[in-house]
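47 is the number of the first residue of the sequence shown in the working numbering; add one for each residue after it. C-beta atoms are modelled at their ideal positions from N, C-alpha and C, and glycine is treated no differently. Every value quoted in this text rests on a predicted model; they were computed, and no experiment measured them.
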Amino acid sequence: MSDTTTDNTKTGDDQDLGAAGSQLSTAPVEDAPSPNLPALGVIGWARWFWRQLTSMRVALLLLLLLSLAAIPGSLIPQTGIDETRVADFRERHDVLAPVYDKLGLFHVYSSVWFSAIYILLFVSLIGCIVPRTWQFVGQLRGRPPGAPRRLTRLPAHTTWRTSAGPEEVREAALTLLRKRRFRAHVAGDAVAAEKGYLRELGNLAFHLALIVMLIAFAWGQLFKSEGNKIVVEGDGFSNTLTQYDDFKSGNLFTNDDLEPFSFDVKEFTGTYERSGPNRGTPRTYETEVTYTEGADGEEKNAVIKVNKPLEIGDAKVYLVSHGYAPVVTVRDGKGKIVYQDAVPLLPLDNNVTSNGVVKVLDGYRNPQGKKEQLGFQAFFVPTFGGSASGTMLSQFPALDYPVLALNAYHGDLKADSGIPQSVYQMDKTKMKEFKDADGELLKKLLTPGETMTLPGGAGSITFEKDIKEWAGFQVVQEPGGGWALGGALTAIGGLAASLFVQRRRVWVRAVRGDDGVTVVEMAGLGRSESAKVPEELGDIAAILYERAPGAPDAGPDGTAEPDAAPPEDPGTPAASRTTTSTDPDSQAVPAEGAEQQ
47 MSDTTTDNTK TGDDQDLGAA GSQLSTAPVE DAPSPNLPAL GVIGWARWFW
97 RQLTSMRVAL LLLLLLSLAA IPGSLIPQTG IDETRVADFR ERHDVLAPVY
147 DKLGLFHVYS SVWFSAIYIL LFVSLIGCIV PRTWQFVGQL RGRPPGAPRR
197 LTRLPAHTTW RTSAGPEEVR EAALTLLRKR RFRAHVAGDA VAAEKGYLRE
247 LGNLAFHLAL IVMLIAFAWG QLFKSEGNKI VVEGDGFSNT LTQYDDFKSG
297 NLFTNDDLEP FSFDVKEFTG TYERSGPNRG TPRTYETEVT YTEGADGEEK
347 NAVIKVNKPL EIGDAKVYLV SHGYAPVVTV RDGKGKIVYQ DAVPLLPLDN
397 NVTSNGVVKV LDGYRNPQGK KEQLGFQAFF VPTFGGSASG TMLSQFPALD
447 YPVLALNAYH GDLKADSGIP QSVYQMDKTK MKEFKDADGE LLKKLLTPGE
497 TMTLPGGAGS ITFEKDIKEW AGFQVVQEPG GGWALGGALT AIGGLAASLF
547 VQRRRVWVRA VRGDDGVTVV EMAGLGRSES AKVPEELGDI AAILYERAPG
597 APDAGPDGTA EPDAAPPEDP GTPAASRTTT STDPDSQAVP AEGAEQQ
């Protein structure tokens, strides 16, 4: 291939690239500052602030600030997640706690400063993306810009002479570029083509997905609800606020937003590894339930497993914990049953060593006939290691050798004081210990079917042979989760497109030279420096060269030189065929600077 000469004059330099190098992205063009600017005024300052806020640079900065602002919410206990830990933190840090209160660090995600960053980021993204989206739509509706005056100024270019006519070359180039999925058309004496719109589309999709994720996150936080409930085998649950053991919700959540349903726990099934290094590891954790939707819904059967929740409307019911509920029977001194129920106990380790309390609040009278309340501290192991082990620690999570240890108290449990109490703890401030024959606290280890007799004819407590199991459920309603997931997937796809797709343009000019031979010029321009543009240009040039093969160079008298060198191998990469001229006006410009040429 032979090179064409370039014009040494600077006439029309500002038009060399112009529109051809513009609009390779939807980034706004920053106006050069004028040396004699008047005072901005209120409107001017407002416009300047809006432009700064809606710039991509500020949006990224706000996104970074939002990430940094979320760190305290992960390190410091939050009132909306664990109020007990917050109270404990206040007791242990007398100096830091008041400071954290003033800064809102105990409720980071609902604090004023976190909300300000969140809202500013939201406004910034909208103000940044919407104009660029409309601009990109306008680019899609338009055509690729015509070829610059001097294609040799572009980073990747090549040229050769051919005996084919200009119209034939342009037609072949137009067909070839369209076949390679370029948007192409004939503009004057050249074919203008462009592809890689997916890059800008991915960029816009990424930022639009961020907006969707922000909306979904805010919506979910405002209207979410989350409650926990322990249900013993044979018992049921109705999705009302009073049924929950603990419950928290968003600021705009109301009781009417609770999904109406109920379910009964028929049976919990848990199996464990019996041998090997994973001994005691759960193999099966599932709960068989019957549930109904609404007040008069049809009863249905379902099995809830770990990570496989029961979905009822917008609510998801997760199986999150498991334990044992020994059945105990308490009788007074006359043998009357004053309490009989399954008592859920809380696990302390992986082998389900558990503890809790048994509270007899009503119906009991002491040997003197006075009303009293009874309390028993309970410690349960499903597999006792034997008295030789010296400890009440379970050796296996299954019910192989269940033992219940009890301590007995009587008096006032202060259940009527108006202060909420945990069902797993006992207030002993007004309780007295039952004493054994040695004057020590009455305590005893019971196996299923055994009874501990209280001294002085105060009654007894029996560990029944029926040992039930309980399942802990978490009921979650978090609207916007689907939108957040969709936004996250879209953001990943958009980011991948913006990183791996390059938007580029190719021009093919074919004009008849002074000697009557067609001169073909080809050039490519990308948004950024990349080897892909010259490689792709080389491939296109090689194919087009086969359809419009090179002609001998013209001699001084205008005739073809018989000893002219043959054209270069069209398979040579475009970068190696790119020529360099000593004329400063014809020097190739970098891709990033092409838009300003």
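For Leu445, I'd like the list of residues in its chain whose CB is within less than 7 angstroms of its CB, leaving aside the five on either flank, ordered along the chain.
-> Pro428, Ile513
Pull up the distance between the alpha-carbon of Gly604 and that of Ala210, whole angstroms please.
-> Low confidence applies to Gly604: its pLDDT is 49, below 50, so where it sits in the model is not reliable, and the reading given next is rough at best. Cα to Cα, the separation comes out at about 18 angstroms.
From Ala556, Arg573, Leu571, pick the residue whose C-alpha is nearest to that of Val565; which is it?
-> Ala556
Cα separation between Arg550 and Leu356?
-> 51 angstroms
Backbone secondary structure at Phe426 - three-state DSSP = strand
Neighbourhood of Asp53 by C-beta distance below 6 angstroms, restricted to the same chain and skipping five residues each side = Annotation note: pLDDT 39 at Asp53 (below 50); position unreliable, coordinate value reported separately. For Asp53, where only same-chain residues beyond five positions count, there are no Cβ hits under 6 angstroms.
For Gly273, collect the residues of the same chain with a Cβ closer than 6 angstroms to its Cβ; drop the 5 residues on either side in sequence, then sort them by chain order.
-> Tyr290, Phe293, Val521
For Val384, I'd like the list of residues in its chain whose CB is within less than 7 angstroms of its CB, leaving aside the five on either flank, ordered along the chain.
-> Val376, Arg377, Asp378, Val406, Gly409, Tyr410
Host alpha helix (DSSP H) of Val154 (start-end) = No alpha helix (DSSP H) contains Val154, which DSSP labels as neither H nor E.
Would a C-beta distance cut-off of 8 angstroms place Leu108 and Ser170 closer than the cut-off?
-> yes
Complete beta strand (DSSP E) runs within the region 244-300 (minimum length 3 residues, chain order) | 271-278, 282-284, 292-295
Would you please state the rounded distance, in angstroms, between the beta carbons of His253 and Ile175? I believe it to be under 8 angstroms.
-> 5 angstroms
Close beta carbons around Phe263, own chain, < 8 angstroms, minus the five adjacent residues each side = Gly526, Ala530
Enumerate in chain order the residues of its own chain whose CB-to-CB distance from Met259 is below 6 angstroms, with the five nearest sequence positions on each side excluded.
-> Ala530, Gly533
Is it true that the region 183-193 meets the region 125-140, where meeting means three or more beta-carbon pairs spaced less than 8 angstroms apart?
-> no
Secondary structure of Phe182, DSSP reduced to three states = helix
Residue ranges of each beta strand (DSSP E) within the region 388-432, 3 or longer | 400-406, 419-427
Rounded to whole angstroms, how far is the Cβ of Gln423 from the Cβ of Asn453, which I believe are closer than 8 angstroms?
-> 4 angstroms
Would you kindly work out how many angstroms separate the C-alpha atoms of Ser113 and Ala239, rounded to a whole number?
-> 42 angstroms
Whole-angstrom distance between Leu110 and Arg103, CA atom to CA atom | 11 angstroms
Tell me the DSSP bridge mates of Pro372?
-> Ile513
Beta carbon of Pro448, beta carbon of Tyr318: below 8 angstroms?
-> no
Do Leu223 and Ala233 have their CB atoms nearer than 8 angstroms?
-> no
Give every residue of the same chain whose Cβ lies closer than 7 angstroms to the Cβ of Arg593, excluding the five residues on either side of it in the sequence, and list them in chain order.
-> Ala218
Neighbourhood of Met472 by C-beta distance below 6 angstroms, restricted to the same chain and skipping five residues each side | Val403, Gly421
Start and end residues, beta strand (DSSP E) containing Ile538 | Per DSSP, Ile538 belongs to no beta strand (DSSP E); it is in the alpha helix (DSSP H), 527-546.
What's the gap between the Cα of Asp49 and the Cα of Trp206?
-> Summary for Asp49: the model assigns pLDDT 43, below 50, so the residue's position carries little reliability; its value from the coordinates is reported in the next sentence. Whole-angstrom Cα-Cα distance: 6 angstroms.
Starting from Ile589 and walking both ways along the beta strand (DSSP E), at which residues does that stretch end?
-> Run containing Ile589: none in the beta strand (DSSP E); it sits in the alpha helix (DSSP H), 578-593.
Roughly how many angstroms separate the alpha carbons of Pro608 and Gly248, rounded to a whole number?
-> Caution is warranted here: a pLDDT of 46 is assigned to Pro608, below 50, making its placement in the model unreliable, and the coordinate value is therefore given only provisionally. Between Pro608 and Gly248, the C-alpha separation is close to 54 angstroms.
Would you mind giving the Cβ-Cβ distance between Ile507 and Val373, rounded to the nearest angstrom? I have them listed as a contact below 8 angstroms.
-> That pair is no contact at about 11 angstroms.
Bridge-paired residues (DSSP) for Tyr318 | Pro328
When the Cα atoms are used, what is the spatial distance from His368 to Gly518?
-> 6 angstroms
Whose CA, out of Leu220, Gly173, Val237, Glu581, lies closest to the CA of Leu197?
-> Val237
Consult DSSP for Gly491 and reduce its assignment to one of helix, strand or coil.
-> Before going on, a small fix: residue 491 reads as Leu here, not Gly. The answer is strand: DSSP assigns Leu491 an E or B state.
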